[in-house]
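For the sequence shown, my numbering gives the first residue as 47, with consecutive numbering after it.
Notes to accompany the following structure.
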Amino acid sequence: MRRIGILGGSFNPVHSGHLRLAIEVAEALRPERIDLVPCAVPPHKEGHGLLPFGLRLSLLRAAVRPFAALAVNALEGGRSGPSYTWDTLHAYRAAEPEAAPFFILGGEDFEMLPHWHRGLELPRIADFVVVPRAGSGPEAFRAALSARWPDAVPLPPEPGGMAHPAPRLSQGTERHLLPGGPYGDTMLTFLPLPRLDISASLLRGKWLRGADIRLLVPDDVDSLLRAHADEVRRCWMSAADTPQATAPRPGCRPPCPSGPSKAPPKDAPCE
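As structure tokens, then:
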């Protein structure tokens, strides 16, 4: 069965940390492809300061162009309402029923799944690949499994003879089979990978100060940000000038508008 990785996020902007994560997962698990899926209306963030969906989509497409294993899926561009992972995973299941999607997220987000929309059900409708983040390693992964998915069955790390093959697994990889989902059994994998500590908020601050962000973002992304400098500055400065914009609140507002007041498209799988 074909495997498709899903890496969701605001990508405001996409940076080298996103790309390295996607590439490392692609090299470890060898899926058919990994899709980067931008949100239009992240349910967990204030929309103030978010670049328009179309611009973030252009930045992503420019970023993945050199990498055959990576793609961009704009499915959230036509969706109304907040961008929920629940909806995105079902959309993948409907669009490619013969494929097995897996959702990529950091360990700290995996621990927070109970606070996501139908979060406890998410690992039952698609495979999950959890990568370590600061303060969230294998012990936290196991603790989350024990507390929230106690029926998950640990599996040996060696591939072969399984419905979910995992070639080239690195030392420290852990796999757990979660039975009885609506699409069949799913796999929860803890995958140790190298980390690049780059944050989009760090990049936005540097860019607004006129600092050089080359090597932190692909050259084509840097060029596009420069080409749209007025629009980028207007959006990112609006967030920098509004302290409450950084505090997560229930509900969402549309991304920073560009040009005529046309409702921006809504988007997908970041929580």
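Here a beta-carbon is modelled for each residue, glycine too, at the ideal position from N, C-alpha and C.
Keep in mind the model is a prediction, meaning the values are calculated, not measured.
Based on Cα-Cα distance, which residue from the options lies nearest to residue i?
| i | options | result |
| --- | --- | --- |
| His136 | Tyr229, Ala257, Asn58 | Tyr229 |
| Glu70 | Leu242, Gly251, Trp253 | Leu242 |
| Arg179 | Glu154, Asp197, Asp173, Ser192 | Glu154 |
| Val175 | Leu75, Asn119, Trp282 | Leu75 |
| Asp197 | Pro225, Gly218, Gly124, Ser182 | Pro225 |
| Thr219 | Leu116, Val87, Gly183, Leu159 | Gly183 |
| Ala120 | Ala109, Leu103, Ala189 | Leu103 |
| Ala86 | Glu73, Ser216, Gly63, Phe57 | Phe57 |
| Gly340 | Pro143, Ser62, Gly152, Ser126 | Coverage of the chain is limited to positions 47 through 317, which leaves residue 340 absent and any answer about it impossible. |
| Gly256 | Met283, Asp231, Ser126 | Met283 |
| Pro147 | Glu73, Gly124, Leu168 | Leu168 |
| Thr134 | Val199, Gly55, Ser247 | Gly55 |
| Gly63 | Glu142, Ala246, Leu191, Asp173 | Ala246 |
| Asp173 | Ser216, Tyr130, Arg221 | Arg221 |
Tell me whether residue i sits in a helix, a strand or coil according to DSSP, three-state version.
| i | result |
| --- | --- |
| Gly165 | helix |
| Ser216 | coil |
| Ser245 | coil |
| Arg48 | strand |
| Gly54 | strand |
| His61 | coil |
| Gly251 | helix |
| Pro184 | helix |
| Ala81 | The residue asked about is misnamed: residue 81 is Asp in this sequence, not Ala. Here Asp81 sits in strand by DSSP. |
| Pro211 | For Pro211, the pLDDT reaches just 49, beneath the cut-off of 50, and the residue's location in the model is therefore unreliable, leaving the point undetermined. |
| Val87 | coil |
| Arg221 | strand |
| Asp173 | strand |
| Leu326 | Outside the shown range of the chain, which is 47 to 317, sits residue 326, and nothing can be said about it. |
| Leu271 | helix |
| Arg76 | coil |
| Leu261 | coil |
| Arg66 | helix |
Check the C-beta distance from residue i over to residue j and give it rounded, since I have them as a contact under 8 Å.
| i | j | result |
| --- | --- | --- |
| Ala145 | Met47 | 7 Å |
| Pro59 | Leu97 | 7 Å |
| Leu249 | Leu270 | Their Cβ separation, rounded to whole angstroms, is 13 Å, which puts Leu249 and Leu270 out of contact at 8 Å. |
| Arg279 | Leu254 | 7 Å |
| Lys252 | Ile259 | 5 Å |
| Gly95 | Ala275 | No, Gly95 and Ala275 are not in contact; Cβ-Cβ is about 16 Å, not under 8 Å. |
| Leu65 | Ala109 | 6 Å |
Do residue j and residue i count as a contact pair if the criterion is CB distance below 8 Å?
| i | j | result |
| --- | --- | --- |
| Val267 | Leu82 | no |
| Leu201 | Leu237 | no |
| Glu78 | Ile52 | no |
| Pro89 | Glu122 | no |
| Phe113 | Phe156 | no |
| Val177 | Leu101 | no |
| Gly227 | Ile150 | no |
| Leu166 | Arg139 | no |
| Trp132 | His163 | yes |
| Ala117 | Ala72 | no |
Inset, instruction - Only counting runs of 3 or more residues, tell me where the beta strand (DSSP E) segments fall wholly within the region 95 to 163, in order along the chain. - result: Those beta strand (DSSP E) runs which fall completely within the region 95 to 163 and span 3+ residues are 116 to 118, 145 to 152.
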